[in-house]
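Only one structure is covered here, and it is reproduced in the block below.
In the numbering used here, the protein residues as written are 6 to 615.
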């Protein structure tokens, strides 16, 4: 496996492939500047993580970390190159590699390297990190077509030649949104099912789990330093006392009913063009005009259309004076003229208000008065933009805070009419402007760990019980922050998440030709939700649904529908005696190691170790 990149994801992915799946990994990294060692700060912090991983691997092999990183047979080999050009790819062994992951932060660099790699090795499995989703779809088709041509089979698809384009923002955003909105809840679509992971209190003596739910993990008991127990067996679940549970349950697949929408113009409600006072004034004036038209019809004995026409002429002062006509007609003309005088300022006010509304449509909205129970989103970069879009899809009120008015997510916030505060979150008054005191959740997703931590600590001083979700770069730092805030604010709710930690499993599985459907973080561990074909795995084939369980490793949850069925319907919680047939597709929950074992990708035994 070859992994090329320049940030934390490359090191997390290398650790995933090497530590979990036992693959031989070559990492292509930018060289240190001026020949000096990579610093442990800024972009080089991830290199320190890789150094710890390779050092641990080397110690397990009986050699030091440096030798493990440079020995050809070691699990992780490092190649330094300024960019993934032909020479760097050749040195990394792309021509004989099984898979290549390009996870540079720059889309253009990843695309150029993918085109070079496909030309060198048409059968190479490519996994590309790309922020532009539409471009990613076109690129997948282009590279797969190049693979078919390169292998001399332009009509078919080589078994090992696949291209997968993933976005870390798209992969991590649903998990972050679910954490912020519903605590431990995770909504995942897999095999036609919508699954939600929720936290449940400990079972009372003699109580059994609710029907239709599956226990994913047993949480540590209060005051215990032990970690969660993943995918416990039936006996372990029954014997656990005083331990909370993370259970998986189904939710309806149909979207919730949407409230009726008003007629809009370019996404702007027509009712917002005019103020409430002006609208009532216009309604009253229209009623007065109608009353004058009826009175004119009764007084002049004219037919109704002609009477209404005369009233409008009098209203706009373009009719002849009613000299010599009956008194009633003269009085009505005077009243119509007076009404016309009232109409003129109202028309001017309506024009000015409409012009102001159009001008403010392109401006950022301010948080309205009375806003409460909303989500305060800090940072509108790649991750923040995707999270904002997802929150609005769920119709959750949001207030954004961004320091850079030219950030990529500001335009989205403007188009969605989301209230946005432009300012540095570390400055006094910025979070107050976002109404942090009335909010429900704070999501700190800026690119600075210190800024995110400072924002959460300040928010806790303003509202101690606010939910807090932090994006932190380094996993150990995230774990330390989570435990400290949990112990310091026992009544508050805090979650710290590393984006690379959340998305690395998806990239790793794509490199091995499998796609996972989602991940459920449980504290600092992860449970993967995957869809597999039974016929390709001997551990599933021929077993009943009750037997398709490996406590602590994996568990079958449901039968996925047949893609060829015109009316597919998934089967959640299949009968215990249902035998899994080779043509079946199953939805299962597994730990990282359990899924690796199930796929036959378990760690290889190292030399001298049985």
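We treat Cβ as the ideally placed atom computed from N, Cα and C, and that holds for glycine. A quick note: this is a predicted structure, and the numbers were derived from the prediction, not measured.
Can you tell which of 283, 285, 314, 440 has its C-alpha closest to the C-alpha of residue 4? The requested residue 4 does not occur in the structure, where the chain is confined to residues 6 to 615.
Please state whether DSSP places residue 446 in a helix, a strand or coil. Note: residue 446 maps to strand in three-state DSSP.
Less than 8 Å between the C-beta atoms of residue 198 and residue 114, yes or no? No, Cβ-Cβ distance for residue 198 and residue 114 is not below 8 Å.
Going by Cα to Cα distance, which pick from 346, 33, 28 is closest to residue 11? Of the listed residues, the one whose Cα sits closest to residue 11 is 33.
Alpha-carbon to alpha-carbon, residue 149 and residue 486: 44 Å
Roughly how far, in whole angstroms, is the beta-carbon of residue 207 from the beta-carbon of residue 249, given that I think they are within contact range, below 8 Å? 6 Å
I'd like the span of the alpha helix (DSSP H) that includes residue 514, first residue to last. Looking at the DSSP string, the run of the alpha helix (DSSP H) that includes residue 514 is 504-516.
Counting Cβ pairs, one atom from each stretch, are 3 or more of them under 8 Å apart for the stretch 452-469 and the stretch 424-436? yes
C-alpha gap between residue 565 and residue 281, whole angstroms: Residue 565 and residue 281: Cα-Cα distance of roughly 53 Å.
Pull up the CB-CB distance for residue 415 and residue 426, whole angstroms please, since I reckon it's below 8 Å. That belief does not hold up - the Cβ atoms of residue 415 and residue 426 are roughly 11 Å apart, past 8 Å.
Determine the direct distance from the alpha carbon of residue 440 to that of residue 2, and round the result to whole angstroms. This structure cannot settle anything about residue 2, because the visible part of the chain is limited to 6 through 615.
Can you name the start and end residues of the alpha helix (DSSP H) that residue 392 belongs to? Where residue 392 is concerned, the enclosing alpha helix (DSSP H) stretches over 387-398.
How many angstroms separate the CA atom of residue 88 from the CA atom of residue 170? Between residue 88 and residue 170, the alpha-carbon positions lie close to 20 Å from each other.
Boundaries (first-last residue) of the alpha helix (DSSP H) holding residue 169: Residue 169 -> not in any alpha helix (DSSP H); beta strand (DSSP E) instead, spanning 168-171.
With H, G and I counted as helix, E and B as strand and the rest as coil, what does DSSP make of residue 212? The answer is coil: DSSP assigns residue 212 none of H, G, I, E or B.
Measuring CB to CB, does residue 22 end up less than 8 Å from residue 513? Yes, the pair counts as a contact, with Cβ atoms nearer than the cut-off.
Start and end residues, beta strand (DSSP E) containing residue 562: 559-565
Considering only residues of the same chain and omitting the five flanking positions on each side of residue 238, which have a CB-CB separation below 8 Å? 554, 556, 557
Does residue 431 come out as helix, strand or coil in the three-state DSSP assignment? coil
Three or more C-beta pairs below 8 Å linking the stretch 541-554 and the stretch 582-602: A contact is defined here as three or more CB-CB pairs under 8 Å, and the stretch 541-554 meets this definition with respect to the stretch 582-602.
Taking 8 Å as the cut-off, decide whether the C-beta atoms of residue 395 and residue 179 are in contact. yes
If we ignore side chains and look at the alpha-carbon of each, how far apart do residue 584 and residue 549 end up? The C-alpha of residue 584 lies about 4 Å from the C-alpha of residue 549.
Integer Cβ distance of residue 474 from residue 224, believed to fall under 8 Å: Incorrect: roughly 18 Å between the Cβ atoms, too far for contact.
Does DSSP classify residue 484 as helix, strand or coil? Under the three-state reduction of DSSP output, residue 484 falls in the helix class.
Given residue 20 as reference, the closest of 168, 530, 132, 509 once Cα atoms are compared: 509
Express the C-alpha separation of residue 350 and residue 322 in angstroms, rounding to a whole number. So the alpha carbons of these two residues sit roughly 15 Å apart.
Stretch-stretch touch, CB-based, cutoff 8 Å, three pairs: the stretch 342-357 with the stretch 394-411: no
For the beta strand (DSSP E) containing residue 407, list its first residue and its last residue. 403-407
Please return the same chain residues whose Cβ sits closer than 8 Å to the Cβ of residue 502, not counting the five positions on each side in sequence. 177, 180, 181, 184, 474, 475, 476, 477, 483, 526
Presumed contact (8 Å Cβ cut-off) between residue 126 and residue 100, rounded CB distance: 5 Å
For a quick check, are the C-beta atoms of residue 563 and residue 577 less than 8 Å apart? yes
For residue 255, name the three-state secondary structure that DSSP assigns. strand
Residue 246 (DSSP reduced to helix, strand or coil): Coil, per DSSP.
What three-state label does DSSP hand residue 116 in the structure shown? helix
Determine the contact status of residue 617 and residue 443, defining contact as a CB-CB distance below 8 Å. No answer is possible for residue 617: it lies beyond the span of the chain, which begins at 6 and ends at 615.
Pull the bridge partners of residue 526 from the DSSP assignment, please. 531
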